[in-house]
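In the numbering used here, the protein residues as written are 17 to 186.
Ideal placement from N, C-alpha and C gives every residue a C-beta, glycine not left out.
Everything numeric in this text was worked out from a predicted model, so none of it was measured.
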């Protein structure tokens with residue numbers, strides 16, 4: 017399964033009046049199957065656990081500062097390799113060479129290597145605190161805001177009524 021995000025996002029740093037435009041990686045539904053399952057039985061195994069994998073190139077840029085980053089989400093090779101790998105390069109305004117290169121796992125630890133030669137942990141996502149979202153109450157949302165639009169689907173999924181959730185989507 018493959019899904020492509022053809023949209024962009026905007027993150028605003030209010031304290032600095034900076035707007036960062038970003039693109040998103042593609043997503044892939046994956047399942048590891050043995051060669052016996054694929055070549056002999058010509059079937060996918062139902063015994064393995066599927067996962068969602070991110071892959072492809074993304075970018076982040078700020079028109080005010082001129083800083084930008086190129087990010088690559090690497091898909092796991094068929095043989096060997098690791099899941100969830102990421103590499104990135106961060107550029108100063110008008111520079112062709114990055115001042116920082118990053119590699120690691122997008123859902124784990126990422127390491128930075130600076131042009132000065134310094135190496136450091138860039139971020140450890142496992143140690144980051146979870147921050148609860150702040151969302152307006154449903155009665156304060158417009159009809160086509162996400163939570164309001166999908167409230168019946170969400171409710172029916174929570175009570176495990178798939179038929180009602182499917183009906184609520186139409």
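- DSSP places residue 38 inside the beta strand (DSSP E), whose first and last residues are 34 to 39.
- The beta carbon of residue 153 sits closer than 6 Å to none of the beta carbons in its chain outside the five residues before and after it.
- Looking only at 80, 159, 126, the smallest Cα-Cα distance to residue 32 is reached by 80.
- Under the three-state reduction of DSSP, residue 95 is assigned to coil, being neither helix nor strand.
- When rounded, the separation of the alpha-carbon atoms in residue 103 and residue 74 is 11 Å.
- Excluding sequence positions up to five before and after residue 164, its CB lies within less than 6 Å of the CB of 154, 157, all in the same chain and listed in chain order.
- Here the alpha carbons of residue 151 and residue 67 stand approximately 29 Å from one another.
- Following the DSSP letters along the chain, one finds residue 178 inside the alpha helix (DSSP H) bounded by residues 178 to 184.
- With a cutoff of 8 Å on beta-carbon distance, residue 120 and residue 127 are scored as near each other.
- For residue 30, there is no enclosing alpha helix (DSSP H), as DSSP marks it with neither H nor E.
- When the beta-carbon positions are compared, residue 113 and residue 69 stay at least 8 Å from each other.
- Taking the Cβ atoms as the reference, residue 24 lies roughly 6 Å from residue 37, within the contact range of under 8 Å.
- Residue 135 is bridged by DSSP to 129.
- Between the alpha carbons of residue 135 and residue 144 lies a gap of roughly 20 Å.
- In the structure shown, residue 171 falls within a helical segment according to DSSP collapsed to helix, strand and coil.
- About 17 Å separates the beta carbon of residue 130 from that of residue 109, a gap too long to meet the 8 Å contact definition.
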